[in-house]
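Everything on this sheet refers to the single structure shown next.
There are 2 protein chains.
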Amino acid sequence: MNTSTIPHHRLLARTATFSRLPAALCPHSSPFTVRMSLSETAPSLAVVGVTGAVGQEFLSVLSDRSFPYRSIKLLASKRSAGKRITFEDQSYGVEELTPESFRGVDIALFSAGGSISKEFGPVAVECGSVVVDNSSAFRMDENVPLVIPEVNPEAMAGVKLGKGGLIANPNCSTIICLMAATPLHRRAKVLRMVVSTYQAASGAGAAAMEELEQQTREVLEGKKPTCKIFSQQYAFNLFSHNAPVLSNGYNEEEMKLVKETRKIWNDMNVKVTATCIRVPVMRAHAESINLQFETPLDEDTARDILRSAPGVVVIDDRNANHFPTPLEVSNKDDVAVGRIRRDVSQDENYGLDIFVCGDQIRKGAALNAVQIAEMLL
Amino acid sequence: MNTSTIPHHRLLARTATFSRLPAALCPHSSPFTVRMSLSETAPSLAVVGVTGAVGQEFLSVLSDRSFPYRSIKLLASKRSAGKRITFEDQSYGVEELTPESFRGVDIALFSAGGSISKEFGPVAVECGSVVVDNSSAFRMDENVPLVIPEVNPEAMAGVKLGKGGLIANPNCSTIICLMAATPLHRRAKVLRMVVSTYQAASGAGAAAMEELEQQTREVLEGKKPTCKIFSQQYAFNLFSHNAPVLSNGYNEEEMKLVKETRKIWNDMNVKVTATCIRVPVMRAHAESINLQFETPLDEDTARDILRSAPGVVVIDDRNANHFPTPLEVSNKDDVAVGRIRRDVSQDENYGLDIFVCGDQIRKGAALNAVQIAEMLL
């Protein structure tokens, strides 16, 4: 892949337009495409938080993957109710989320924040819906599977369509990290991981992406940058992740990596530390990951393992200095891994350094949730 | 410090103007300031590479610190010869660098790239000059001290004014890392460090800063970004450091951290790994540093040690989510440290995570070199 051929305009075009022109997000929305996904025998869907960045991406991914559905309900807060959204050539009215919204819904994809999930998730389950929840509300609940389909599909074995149930989507940083680390973990068992993240604006929602764009324009014009979402200048700057800092000095984002990894790998002994940083990039996260193994794993074997891992692409061209970048993985499904090398600070082949990039909205959120939903079919 | 009070315009103002309006970089250039630094008994100076980003900052730092000098010679390539630069209210013509340039020069500050240092550094020494070299040319030469004045001033004990000699300025990432790590190392001995960097455009020179600004404007206007310095889009993106990748998979920037740390700490056993990433920030680097100690060091003690460390400022307000940022340290002398916390992935108090920011051009290059020169006085 040559980065110079990437349509760079998409970066900002998507940002500026995605709440106004959602149809533009759906590559399959041409009227000449035969729609196989709308089927009377398929499940009925609901998307909760449809006007948000991830909500919009749910629609895009459902369409891209021709997810079969009998009907789809687009749910959001009262403020957004009545808006029209075109999905697969059909115009839908956004409905206000209420406890009655889930009657007859088989699968509900939630991405409207933790408090909405806490309030309406159990209601949906009570109605017989299977909820795939993108918030952190239920992730650490021991009765709720926390699933990356390529990593631990077995965790959702007990959840069946029609019976109601909750499945949690891991945090974006965890998904992107474990997509790369898990294939290596399976071979050589990861004892410890040191993760430093380079996180995009999208993790804080569509408004944060717009704020980054607006601030950048302002700074270039010599104006004071407008700070609404974040408390400080984001353009041409970076800062410690804005999640609340806990009493142990880690912020919540970092502890998600620590705790979710243990749960997803079903390994309470794996040691993880993380430093999460927000960088002025639009929609894809990067992570520098240092791994320590129980058994030796040389870098060539690691590269081969990653090359054959589902959902992973290896970009690791040392001669061309071509490695994963956020821009290159934006709007892509696969997580890209590169800079795969023996860690010179550890005993030979007991450690590796890798660098990983993944689209935060897509595999980090919407795609992973839709993949979970696909496993219910 | 409240970031909202920082004059954010300086970020780009400095970028856009520094090669055209160097006098604007000198806070002491008011005609009403009494100049104490120009003195008949002081050393004669030469600045090699004066038109570059670091060369300009040499002048700024010399002036800020009222460095005493009898005369100053501004040297650059033939292309820049004849340009006029105002320094401390005096206009100087830029002279072409030749082997004759160093006659009568006591201290020569070099920042014109490794090949210029290799060619002209020994010539200057032969002329009796003490060379403080900002390039990587001599850093790993065992006869050349590699010095951070706050860290290992003893290394330059043998170098005296008038006798000729070479002192190497460490790489910017190493300086910023070790400014924070050394005070902790002195107390608890660092056994291993895992470093992930967030490096600014300035490390690749003034033209790279201009490219980042230009690309950002282009992307915001929906245009294809101009890639001259870097081979790929930098605006709203990040990428593995552009230094050549070595056969072990590390790039040269990363191996500088590994090797220079050993030399500066005079500890061939310290284990370091690094992943160096270029982020779209103008002039200050950030580093996420994971430390493993020989003896326990709790986070409160670490914070106290750092608070009293010279050249270090602690910004570590968990309640306000206020930690170091590149913007906040830009144009500042001190290296800022925050996110100081016990590493939950290591045995209690045997590990810490910290996050460090430092101005790449200032402490990462020009300031450190001028501090070295001050030790010769």
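Respectively, the protein sequence lines represent chains A and B. Anchor point for the first sequence: position 85 equals 1198 in our numbering, and the numbering is continuous, going up by one each time. Anchor point for the second sequence: position 327 equals 1440 in our numbering, and the numbering is continuous, going up by one each time. Even for Gly, the Cβ is constructed at its ideal location relative to N, Cα and C. Please read these numbers as outputs of a predicted model, since none were measured by experiment.
Name the chain A residues that come within less than 7 Å of SER1309 (chain B), Cβ to Cβ?
SER1309 and SER1401
Answer with yes or no whether the minimum CB distance from ASP1430 (chain B) to chain A is below 7 Å.
no
Selection from B:GLY1168, B:PHE1200 and B:LEU1172 that minimises the alpha carbon distance to SER1190 (chain B):
B:GLY1168
Which of helix, strand or coil DSSP assigns to VAL1371 (chain B):
helix
For the stretch 1462 to 1482 of chain B, which residues have a CB atom closer than 8 Å to at least one CB atom of chain A, in sequence order?
GLY1464, ASP1466 and PHE1468
Less than 7 Å between CB atoms is the rule here; does PRO1439 (chain A) satisfy it with respect to chain B?
yes
Check the C-beta distance from ASP1446 (chain A) over to ASN1403 (chain A) and give it rounded, since I have them as a contact under 8 Å.
So it is not a contact: roughly 26 Å between Cβ atoms.
Close Cβ partners of VAL1358 (chain B) (< 6 Å) along its chain, the five nearest in sequence each way excluded
ASN1364
Looking at chain A, which residues of the stretch 1379 to 1403 of chain B have a Cβ within less than 7 Å of any of its Cβ atoms?
LYS1384, VAL1385, THR1386, THR1388, ILE1390, VAL1392, PRO1393, VAL1394, MET1395, ALA1399, SER1401 and ASN1403
Report the CB separation of VAL1371 (chain B) from ALA1348 (chain B) in whole angstroms; it is logged as a contact under 8 Å.
Not really, about 30 Å apart at Cβ, beyond 8 Å.
Please decide whether VAL1457 (chain B) counts as near chain A, where near means a Cβ-Cβ distance under 7 Å.
yes
Consider the Cβ of GLY1227 (chain A): report whether some Cβ of chain B lies at a distance smaller than 7 Å.
no
Check whether the Cβ atoms of GLY1162 (chain B) and SER1224 (chain B) sit closer than 7 Å, and answer yes or no.
yes
Where do the ends of the beta strand (DSSP E) carrying PHE1468 (chain A) lie?
1464 to 1472
Compare the beta carbon distance of ALA1313 (chain B) and VAL1394 (chain B) with 7 Å and say whether it is the shorter of the two.
yes
Please tell me whether ARG1252 (chain B) has its Cβ less than 7 Å away from any Cβ of chain A.
no
Excluding the 5 residues flanking PRO1258 (chain B) on each side, which residues of the same chain have their C-beta closer than 6 Å to its C-beta?
ALA1268, MET1269 and ILE1280
Looking only at its own chain, which residues have a Cβ that is under 6 Å from the Cβ of PHE1171 (chain B), when we skip the five neighbours before and after it?
VAL1160, LEU1222 and ALA1479
Using a Cβ-Cβ distance under 7 Å, would LEU1134 (chain A) count as near chain B?
Note on LEU1134 (chain A): pLDDT 27, under 50, position unreliable in the model; the coordinate value appears next. With 7 Å as the cut-off, LEU1134 (chain A) does not count as an interface residue toward chain B.
Whose C-beta lies closer than 6 Å to the C-beta of ALA1482 (chain B) among residues of the same chain, with five residues either side of it excluded?
LEU1222, VAL1245, ASN1247 and ASN1282
Compare the C-beta of ARG1452 (chain B) against all C-beta atoms of chain A and say whether one is closer than 7 Å.
yes
Any idea if SER1360 (chain B) is buried or exposed, counting beta-carbon neighbours within 10 angstroms, 16 or more meaning buried?
exposed
From what residue to what residue does the beta strand (DSSP E) around GLU1400 (chain B) run?
1397 to 1406
For GLU1209 (chain B), the residue or residues it bridges with in DSSP:
B:ALA1189
Assuming LYS1384 (chain A) is part of the beta strand (DSSP E), what are its boundary residues?
1384 to 1391
Beta-bridge pairing of ASP1246 (chain A) - partner residues as DSSP gives them
A:PHE1223 and A:ALA1281
Let's test the definition: count the other Cβ atoms within 10 Å of the Cβ of ASN1256 (chain B) and tell me whether it reaches 16, buried, or not, exposed.
exposed
With a cut-off of 7 Å, does the C-beta of VAL1358 (chain B) fall near any C-beta of chain A?
yes
Look up ASP1430 (chain B) in the DSSP assignment and say whether it is helix, strand or coil.
strand
Simplified DSSP state of LEU1151 (chain B), which is helix, strand or coil
strand
Which value, in whole angstroms, describes the spacing of the CA atoms of GLY1316 (chain A) and GLN1484 (chain B)?
42 Å
Inspect the beta-carbon positions of LYS1231 (chain A) and THR1287 (chain A) and report whether they are closer than 7 Å.
no
Is there a Cβ from chain B that is less than 7 Å from the Cβ of PHE1349 (chain A)?
yes
For ASP1430 (chain A), count neighbouring Cβ atoms within 10 angstroms of its own Cβ and tell me buried if that reaches 16, exposed if not.
exposed
Looking at C-alpha atoms only, which residue of A:VAL1260, A:LYS1302 and A:ALA1237 is the closest neighbour of GLU1407 (chain A)?
A:LYS1302
Kindly indicate if chain B contains any beta-carbon less than 7 Å away from that of ALA1137 (chain A).
Annotation note: pLDDT 27 at ALA1137 (chain A) (below 50); position unreliable, coordinate value reported separately. With 7 Å as the cut-off, ALA1137 (chain A) does not count as an interface residue toward chain B.
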